[in-house]
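Report on the following structure.
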Amino acid sequence: MTLTDLLPHAGGLIARYPAMAVTAFVGVCSAGLWNPGTPWHQGAVWLIVALVVYTAIDTIHEMIVAFRKGRVGVDLLALLSIASTAMVGEYWAAWLVCLMIRTGEMIEIYAQRRAQESLTALVDAAPATANVVTRTGNDLLSSPWQVRQIDQVKVGDVLIVRPGETVPSDGELLSDRATLDMSAINGESMPVHVGKAGHVLSGSINGEMALAMRVATPPNESQYQRILDLVKTARESRAPIVRTADTLAIPFTILSLILAGAAWALTGNPVRFPQVLVLATPCPLLIAAPVAYMGGTGRLARSSIIIKRQEILEVLGKVTHIFFDKTGTLTSKQPQVTRVELAEGFEHTDSTWILCAAGALESNSVHILAKGIVSAAERTGKETLLATDIRELPGQGVQGVVDGKTVCVGRAEFVVGNGLSLPGKSDEWSQQSRSQWNKWGKAALNEMAAYVSIDGTPAARIILRDVPRPAARASIERLRVLGIHKITMLTGDHMDSAQIVAKEVGIQDVRASLLPEDKFAAVHANRAEQSETDVKHHAEITMMVGDGVNDAPVLAAANVGIAMTDGSSTAASQSSQVVIMNDDIGGVPSAVEIARMTRKIMLQAVVGGLVVATACMVLAAFGLISVVLGALIQEGIDAASILWSLRTAFISQKTLQVVR
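Sequence positions in the sequence shown follow UniProt numbering and run 1 to 660.
Structure follows, in structure tokens:
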């Protein structure tokens, strides 16, 4: 690489860090002019003095800004270090202190940028424009379209999303199929295949073929925009430990001034004062703490966990009592088909066909059991059956024709009644049918049943139940390993049914038959007030984990509310402080682990840096460290503290095992 190649890079660095560039320029010029006894030497001195004045004015401005924000910073120590070194004639030490301040600023900018990379990537990926179809034809992908700003896109617009582009808003797929990369939303690297009329989420990246879609949600209310709003809130917030670091500035400043003043007074040598102070610039307090928390926030984002405010990281790592909602949180969001029981005379019938036939009839129903049956039918991998002449009685069942056979699905009474209405059915048939229902009896306590008849004859019953999420038990065990032993399940279900699920996931404390206000009261009664003192000393720091609209007030009642979402519940996401975007219950223990590791790394950086700086200050008070050497040592302490804090952005899964 030639000098010509380096010039553009140098220009970019100067533009990004002008104060650092000025400081370095003064140092180079002064070194060239430094020749005691010559006029040039005096010019070098005045250059450094001018730099000291410029840096001092800038530092005073920063102090005033911090004070107006209610923060008592430690810039005073930096200001005294600059002034005292220049006043005793240690001009190179004064320049080093200026360099130290500017280097710290430069490292802070770099560290913040690295720590926030995961958050910034989400924001930068947001599409600013959309390809809106202006005139629809038989082939949507061949229709004319124009590029519009994202805020001009309306509900009902037809969009074309080309390969590699980001879906700009939530909507319905009009193309026959599409392959989407949804890693920005759910953190999963595997592509998702969507069929015609399927739901397309904003923030997804289109695969190899262009797709057409109809906008269902305004872009500013879309799933991806909600993620971006959370990210922006997280970036603008400030963790309480950062404020705690600011409060530590007062005792540290007093200690530094006492050591520096005592060294001067006891030795009578004014040089001892700057010798101590150049080591007292507490960069770990100024930069290391916020960098650590920004890194932790970014690390959570990479795990599809978004926190709204960095201060939640502080409380998250101290949680002692976790409340879980049952349905949709510990269990799947909808009942799952566990088996198909065939009736007498249908033992040799393909149960998969019966399930798929029921799924075809239920495909347009909004009933919760219907959704479970349709999902199970889709999972069979069989070709979709076509149902015609569909008639539904809400809350009872549905009847239609599949492959030329009259199929009825629903409650037992509804299915029997429909069978009796068919021509050619005698009272004897009715007795045989009722005999079959009686043999089956009622479904088990924690199960639900949908009955199926074919051409009026009882054929099968489909058993569904609330199935625990596959990762639920392992997540509860991880939380216990982390030392969180108070784990409670809240549900509006009956106690007997709730106990079955609780046993399967490993929870002993169950509170059942609760209304939303009962859940709110249970969580709020144990909640510590959101003050630093109470969070530190209160026996119960509560967390509530939920997923639905009815969980929203309970999430707000806890010290930390975590919403597990796939984008279907905006209210829950808005009421919580933490959002798990990929709807993975394993994100709950991961969030606690990352929060604890972040705090651990931050304390190591802050406390370690201050301890080393204080030890060096004592040595400097005895004259064992010169002013220039002290400035260089402090520069090294600052860099080490910041680099150590940056580790929070790169916490690995293997590292997390140590936190347990």
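Beta carbons are placed, not taken as given, at the ideal position from N, Cα and C, and that holds for glycine.
Asked: Under 8 Å between C-beta atoms of T179 and P168; Found: no
Asked: Distance between beta carbons of M543 and V510, contact taken as under 8 Å; Found: Not really, about 17 Å apart at Cβ, beyond 8 Å.
Asked: Per-residue DSSP class, three states only, for L386; Found: coil
Asked: Residue range of the unbroken alpha helix (DSSP H) whose run includes E208; Found: Careful: E208 lies outside any alpha helix (DSSP H) and carries neither H nor E.
Asked: DSSP state of H524 mapped onto helix, strand, coil; Found: helix
Asked: DSSP three-state assignment for P470, whether helix, strand or coil; Found: coil
Asked: Cβ-Cβ distance between E341 and R461 below 8 Å; Found: yes
Asked: Whole-angstrom C-beta distance between A83 and V49, which should lie under 8 Å; Found: Contact doesn't hold; Cβ gap of about 11 Å is too wide.
Asked: Expected contact under 8 Å - CB spacing of I601 and R647 to nearest Å; Found: 5 Å
Asked: Selection from T352, F273 and I254 that minimises the alpha carbon distance to A263; Found: F273
Asked: Pick from S453, K308, Q275 and W46 that is closest to L355, judged by C-alpha positions; Found: S453
Asked: Chain-order list of residues whose beta-carbon lies under 7 Å from that of D455 (same chain, five-residue window excluded); Found: K405 and T406
Asked: Beta-carbon proximity list for A595, same chain, < 6 Å, skipping 5 on both sides; Found: L313, L316 and G317
Asked: Neighbourhood of V618 by C-beta distance below 8 Å, restricted to the same chain and skipping five residues each side; Found: L259
Asked: For A571, three-class secondary structure by DSSP; Found: Low confidence applies here, because A571 scores a pLDDT of 47, under 50, leaving its location unreliable and the question unanswered by this model.
Asked: Residues sharing a beta bridge with A640, DSSP; Found: Beta-bridge pairing links A640 to no other residue.
Asked: Every unbroken alpha helix (DSSP H) within the stretch 293-370, with a cutoff of 4 residues, ordered by chain; Found: 311-316 and 351-362
Asked: Between the CA atoms of L385 and N559 - distance to the nearest angstrom; Found: 49 Å
Asked: Residues near M182 by beta carbon distance below 7 Å, same chain, minus five either side; Found: E188, V192, L201 and S204
Asked: Whole-angstrom distance between Q399 and R177, CA atom to CA atom; Found: 29 Å
Asked: Between the CA atoms of I625 and E105 - distance to the nearest angstrom; Found: 25 Å
Asked: DSSP three-state assignment for H61, whether helix, strand or coil; Found: helix
Asked: Cα-Cα separation, M564 to A358; Found: 30 Å
Asked: Y54 beta carbon less than 8 Å from that of A126; Found: no
Asked: Euclidean distance between Cα positions of I60 and L79; Found: 8 Å
Asked: Coarse secondary structure for P251, derived from DSSP in three states; Found: helix
Asked: Segment limits, alpha helix (DSSP H) that includes G608; Found: G587 to A621
Asked: Proximity winner among S652, H199, R480 and L610, relative to residue 690 (alpha-carbon distances); Found: Residue 690 lies beyond the range of the chain shown here (1 to 660); nothing can be said about it.
Asked: Close-in-space but distant-in-sequence residues of the same chain around S652 (CB under 7 Å, 5 per side omitted); Found: none
Asked: Minimum C-alpha distance to E165 - residue among W145, A128, E172 and V401; Found: A128
Asked: Endpoints, alpha helix (DSSP H) assigned at D496; Found: M495 to V505
Asked: Residues that DSSP places opposite N131 in a beta bridge; Found: V147 and I160
Asked: Three-state class that DSSP yields for E635 in the structure shown; Found: helix
Asked: Exposure label - P144; buried when at least 16 CB within 10 Å; Found: exposed
Asked: Test item: CB-CB of S81 and V271 under 8 Å; Found: no
Asked: Burial state of E296 (16 or more Cβ within 10 Å); Found: According to the sequence shown, residue 296 is Gly rather than Glu. So G296 counts as buried.
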